[in-house]
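Chemist: Note that the sequence shown covers residues 255 to 394 in the working numbering. Glycine included, every Cβ here is placed at the ideal spot set by N, Cα and C. First, the structure itself, so that you have it in front of you.
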Amino acid sequence: MKPHKLQASSSRRQQNFRQAKLAIAALPEDRDDDGIPGEALVDYPTFHTIPRTSFSCSQQQHKGYYADLDTSCQVVHLCQAGGVKNSFLCPNGTIFSQEKFSCQWWYKVNCAESPKFYAINDNLYKIPDEKNRVNKEISK
255 MKPHKLQASS SRRQQNFRQA KLAIAALPED RDDDGIPGEA LVDYPTFHTI
305 PRTSFSCSQQ QHKGYYADLD TSCQVVHLCQ AGGVKNSFLC PNGTIFSQEK
355 FSCQWWYKVN CAESPKFYAI NDNLYKIPDE KNRVNKEISK
């Protein structure tokens, strides 16, 4: 005998609720009551302005986005042609994920591993070759 649709829906909701509770329980504790899991200045940086660091675009092989390890990755630099550098600050509690090219919660990013992903910048600003573009359009 199949469960009634209402029962199946209810058990699915209960399962989703249990999964949500487990996900919340897995978050680091908010030890300083600032609404961000973890403790400011211990677990994550809290810059309010972009500090001077040793980062230099001239030392990078590719144009693109770079997490600044001197700021525990809260600052990201955009290196452009001609050595032009624009810097951006991730909101407190987040740091730049070099792998995902976006600010993420500090506990989801290993800042020290950022240089391993710097080469991803080589894929920016490339025009896909014609054969791949046509194949993608045909498969739509």
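#1: Let me know if D284 comes out buried or exposed under the rule of 16 or more other beta-carbons within 10 Å of its beta-carbon.
#2: Restricting to Cα atoms, I'd like to know which of C357, A335, A294, G292 is closest to D322.
#3: Tell me the rounded alpha-carbon separation between P299 and G292.
#4: Name the DSSP bridge partner or partners of F342?
#5: Let me check you understand the geometry: is the CB of I374 closer than 6 Å to at least one non-hydrogen atom of the ligand ZN?
#6: For G318, write down the residues that DSSP places opposite it in a beta bridge.
#7: Assign N375 to buried or exposed, taking buried as 16 or more other Cβ atoms, counted over all protein chains shown, within 10 Å of its Cβ.
#8: Helix, strand or coil for T325 per DSSP?
#9: Find the nearest neighbour of P345 within the set R267, V296, W360, Q314, judged by alpha-carbon distance.
#10: Across which residues does DSSP place T348 in a beta bridge pair?
Modeler: For this structure:
#1: exposed
#2: C357
#3: 11 Å
#4: V330
#5: What this structure holds is no ligand at all, so the ligand ZN is not there to describe.
#6: C333
#7: buried
#8: helix
#9: W360
#10: W359
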